[in-house]
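Okay, structure first, notes after.
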Amino acid sequence: MTETTARTLVLSRHAKAEPSAASDHERELSAQGHRDAAAVGHWLAAAGHSFGAVVCSTSTRTRQTWSDIHASGVAAEKVRFDERLYDGDPGTLLEVLAEIPERVRNLLVVGHAPTIPELADLLADPEASDKAAVTALRSSFPSGCVAVLTVEEPWAELAPGSATLIEVTTPRA
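Add 65 to a position in the sequence shown, counting from 1, and you land on the number used in our numbering.
The structure is reproduced here in structure tokens:
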């Protein structure tokens with residue numbers, strides 16, 4: 066993989082949400098969730114991540130997660146809120162990713178379980194990926210968890226096993 070073709074895909078599950086609201090879509094982050102989302106932002110910033118694009122679910126808790134990440138020093142050139150991330154499956158998310166412009170080298174997706182970890186597992190080549198990261202991904206993907214993958218293919222050509230999972234972490238405040 067060359068530096069000019071490498072792309073980074075960061076998949077994040079929203080931080081801890083309150084247990085109830087008028088609707089699931091309207092659930093807000095808990096106080097701990099806000100702190101944890103900020104911790105995700107600090108971790109991403111410390112790791113040098115900035116994004117050409119962010120795609121975020123339209124739910125309140127994912128919007129708040131992105132807002133806290135951004136407020137913690139993570140830059141993004143373009144942010145798009147997409148309702149398909151709210152209840153879509155991994156195939157739907159692949160369709161969303163296929164719409165990302167080729168010029169975007171670094172992409173953050175903020176969504177929900179089980180779709181975010183299922184997409185990470187689907188994309189990760191188990192032979193090329195970090196073994197500890199694969200084990201972590203398959204054992205648990207709690208709120209605020211982040212999976213970092215690298216890909217060589219254009220976003221529109223992502224397919225099962227086409228990415229390398231390099232890290233799974235759950236920053237906490």
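By construction, the Cβ of each residue, glycine as well, lies at the ideal position given by its N, Cα and C atoms.
Contact check, residue i vs residue j, beta carbons under 7 Å
| i | j | result |
| --- | --- | --- |
| A104 | A201 | no |
| R58 | L94 | In the structure as shown, the chain starts at 66 and stops at 238, and residue 58 therefore has no counterpart that could be examined. |
| I181 | R78 | yes |
| L159 | L223 | yes |
| A80 | T157 | no |
| G117 | E142 | yes |
| A197 | L76 | no |
Cut-off 7 Å between Cβ atoms - residues of its own chain near residue i, not counting five sequence neighbours on either side
| i | result |
| --- | --- |
| A228 | L74, L188, A189, D190, L214, T215 and V216 |
| A178 | R78 and F206 |
Inter-residue spacing [alpha-carbon to alpha-carbon] between residue i and residue j
| i | j | result |
| --- | --- | --- |
| L230 | A86 | 35 Å |
| V169 | R149 | 20 Å |
| G138 | V120 | 17 Å |
| I165 | E83 | 31 Å |
| L109 | R203 | 22 Å |
| A136 | G106 | 8 Å |
Where residue i falls: helix, strand or coil (DSSP)
| i | result |
| --- | --- |
| E167 | coil |
| E40 | The structure shown does not extend to residue 40, since the chain spans only 66 to 238, so no value can be given for it. |
| G176 | strand |
| R145 | strand |
| L214 | strand |
Closer than 7 Å to chain B by CB, residue i
| i | result |
| --- | --- |
| R170 | Note that chain B does not occur in the displayed structure, where there is just one protein chain. |
Option nearest residue i by Cα separation, candidates the options
| i | options | result |
| --- | --- | --- |
| S194 | W220, P225 and V175 | P225 |
| V175 | D152, E192 and E167 | D152 |
| T234 | A221, A96 and S208 | S208 |
6 Å Cβ shell around residue i - same chain, five flanking residues per side excluded
| i | result |
| --- | --- |
| E218 | S227 |
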